[in-house]
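If you read the sequence shown in my numbering, its first letter stands for residue 2, the second for the next number, and so on. Below is one structure, written out as structure tokens; the observations come after it.
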Amino acid sequence: MFGTLFLLMFLGMPVCFSILAACLTYILPNGVAIAGIAQRLVTGMNSFVLLAIPLFTLTGYIMEQTTLSVRLVEFVESLFGGFRGSMGTVTIVTCAIFAALTGSGPATVAAIGAIMMPALERAGYPRSTSAGMIAAGGALGPIIPPSANMVVYGAAMGLSVSKMFIGGVLPGIMIAMALCAVNTVIAHKRDFAKNDRHHPTKEILRRTFRAVPTLVLPVIILGGIYGGFVTPTEAAVISSVYAMLYGFLSRELRPRALGMAFTKTVLTSSTISFIIAVANLFGWILSRTRLPAIIGGAIISVIPNKWVYLAVLMAILFVVGCLMETIPSILILAPILIPAGVELGLDELHLGVLFCITLTVGFITPPFGINLFTAVSTTGEDYISVVKGVIPFMIVMLLCVLICAFIEPIITFLPDMMLGA
């Protein structure tokens, strides 16, 4: 079954069809009822929690069609302008805030990249560095909550999505600050980006006022979730309705633009939903074969302690993140690898958030990082240039993930404080 899966993926077949074909190699010889298979596929998608994914995706695409993202960029630029490399910092901070609105890496790259690429060029940044920075900033999308990856992981592993969201806050902030630091070092070392300027207080206040409709959105989403007023799915509904109402009232969201946002959302969400459905079937087959328990037992018998386990887990996830999409990686590998870590004494929430953010580094890791290809299409740079530009940011992201792995409170402190251990 695994041989079929990896062979088809290596040959370039889409991941969802590769998983389905791998499932058939078990189903057909063992005479499993077809009706049961159809039921498993439907069950895999029939989840209230998973509704958050298309709704947050819709929010991101609506923002892309209105001036919400432009106003956000102007606001952040007014705060950070005036020092060498500030336009790069603006790009990363804007990506971080946009991530807190949509939870989507590619949507963040597409929306912010289209605005920031010309601004970065005017500030003196080489195009390859700009494209790499935008790709790296977009990787904050699945780390800073709300995160589609965390929604999928929580649904698959029976873990509180709200706790995972809160657990992702400090790692997300730490990674964003580290990316800003890399940008500053590069700007000083290479002696570029000299065209940044200070903004007078009046201009800062004007841009802040214009950005209020955008800045209200993360307060509604994250405040509602963390305050316990709404579930992540309900927050996603509120955010998408809010974005649409803003677009209609400001007359920025024309019927054609709304149709484009819905079309992109359907295309993105249908792909994700089909992957989730077939991965659920794959997981059911694994449970029938008791493979997770067998592999978990083998891991515990070979690995002496939890620290070695963490090192091995991260190595596996980094390699997988380079080669495979994040959501199927979560649905296939988490049930196999995570139980052994829990048995070794690691915190389940710590492992869950770490699992998601480690795979997210794969968004900017060659050869198949999705943000790399999105940056290519958004910025017009060739693939090799984007890869060259992203490498310093990728290395620093990996170091941050290592720190999160071996200093557990970075992930668990806020959830324990806000929701209880």
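Beta carbons: idealized from backbone N, C-alpha and C, even for Gly. The structure displayed is predicted, hence computed values, not measured ones.
The beta carbon of A236 is closer than 6 Å to those of I222, G225 and I226 in its chain, skipping five residues each way along the sequence. Its Cα nearest to that of E75, the residue F99 stands out among R85, I54 and F99.
Burial is judged here by how many other beta carbons sit within 10 angstroms of a residue's own beta carbon; A316 has fewer than 16 and is exposed.
Around the beta carbon of S270, 16 or more other beta carbons lie within 10 angstroms, which makes this residue buried.
Distance from the CA atom of C96 to the CA atom of F210, rounded to whole angstroms, is 20 Å. In the DSSP assignment, S48 falls outside any alpha helix (DSSP H) and carries neither an H nor an E.
When secondary structure is reduced to three states using DSSP, L59 falls in the helix class. Pairwise C-beta distances place the region 39-58 in contact with the region 276-285, as three or more of them are shorter than 8 Å. Non-local beta-carbon contacts of A406 in its own chain, meaning distances under 7 Å to residues more than five positions away in sequence, involve L311, M315 and L355 in chain order. The three-state secondary structure of R291, taken from DSSP, is coil. DSSP places S19 in the uninterrupted alpha helix (DSSP H) bounded by V16 to N31. Exclusion of the five residues before and after A179 leaves V397, M398, L400 and C401 as the residues of its chain whose Cβ lies within less than 8 Å of its Cβ. The Cβ-Cβ distance between V170 and L415 falls below 7 Å. Contact between G322 and V362 holds: their C-beta atoms lie close to 6 Å from each other, under 8 Å.
Counting other Cβ atoms within 10 Å of its Cβ, M118 reaches 16 or more and is therefore classed as buried.
By the Cβ test, the region 119-135 is not in contact with the region 20-34, since fewer than three Cβ pairs between them sit closer than 8 Å.
By the criterion of a C-beta distance shorter than 6 Å, L52 is surrounded in its chain by T234, once the five residues flanking it on both sides are discounted.
Leaving aside the five residues that flank G284 on each side, the residues in its chain whose CB is nearer than 8 Å to its CB run, in chain order, A157, L332, I333 and P336. Annotation for N184: G86, G89, T90, I93 and M134 place their beta carbon closer than 7 Å to its own, counting only its chain and skipping 5 residues before and after. The distance from the Cβ of A140 to that of I365 is about 5 Å, consistent with a contact at the 8 Å cut-off. Fewer than three pairs of CB atoms, one per stretch, sit closer than 8 Å, so the region 198-209 makes no contact with the region 383-390.
Taking a cut-off of 8 Å for Cβ pairs, the region 298-309 and the region 244-262 do not touch, as fewer than three such pairs fall below it. Taken in chain order, the complete alpha helix (DSSP H) segments of 4 or more residues contained in the region 346-370 are 349-361.
Boundaries of the alpha helix (DSSP H) harbouring E235: P233 to L250, taken from the DSSP string. M151 and V343 have their C-alpha atoms spaced approximately 18 Å apart. Here DSSP, grouped into helix, strand and coil, assigns R208 to helix.
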